[in-house]
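Here is the structure we will look at.
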Amino acid sequence: MTKDAQAQPVRGLDEQICFAVYSAAHAFNRAYRPFLAELGLTYPQYLVMLVLWEQDGQSVKAIGERLMLDSGTLTPLLKRLEGNGLILRKRGREDERQVLVELTEAGRVLHEKAGRSANPVPCAVEDSGVPPARLLEEVRALREALLRRAAAED
37 MTKDAQAQPV
47 RGLDEQICFA
57 VYSAAHAFNR
67 AYRPFLAELG
77 LTYPQYLVML
87 VLWEQDGQSV
97 KAIGERLMLD
107 SGTLTPLLKR
117 LEGNGLILRK
127 RGREDERQVL
137 VELTEAGRVL
147 HEKAGRSANP
157 VPCAVEDSGV
167 PPARLLEEVR
177 ALREALLRRA
187 AAED
């Protein structure tokens, strides 16, 4: 326990920020399900594709860092995406230890399809009454504070 943490009484479930975030994550997954089914992706696969749609040809290491995933979690995702014909994994030309991930034509076409598909999540976020930019900023701030605290305790 860090020096600034103090023991406090345990609050009820509905007063726990961790439960609110946890249950919101489940609600996000449920809301995304029809959109992702149309794309033929799971949510973690969709995140990998988002990273590659932003910048193709990234290393496995860079993708893992961006998504905060270790190689044991990321490698099966990449294998599945490759098996589905959406990406190719190639050894680096300059460093054969490095594995680069590139979109296939099907992966690029899927990006276009995702842009045309109805994604209900942005509408739901707007319906929350919290401006999306503010919500994103606050969730990121919470994530960073939690990561800093965890790193300090390691």
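Residue numbers (our numbering): 37 to 190. Heads up, the beta-carbon is just placed ideally off N, CA and C, and yes, glycines get one too.
- Rounded to whole angstroms, D131 and G93 show a C-alpha spacing of 14 Å.
- Excluding five sequence positions before and after L103, the CB atoms of its chain that fall closer than 6 Å to its own CB belong to L83, given in chain order.
- By the Cβ-count criterion, Q52 is exposed, with fewer than 16 other Cβ atoms from all chains shown falling within 10 Å of its own Cβ.
- In this structure V157 does not touch S95 by the C-beta definition: roughly 29 Å separates them, more than the 8 Å allowed.
- Assignment of V166 by DSSP, reduced to helix, strand and coil, places it in the coil class.
- For R127, the three-state secondary structure derived from DSSP is strand.
- In the pairwise beta carbon analysis, the segment 110–118 is classified as not touching the segment 152–167: fewer than three pairs are separated by under 8 Å.
- If you look at E132, you'll find it isn't in any alpha helix (DSSP H); DSSP assigns it neither H nor E.
- V46 carries a coil assignment under DSSP once its states are collapsed to helix, strand and coil.
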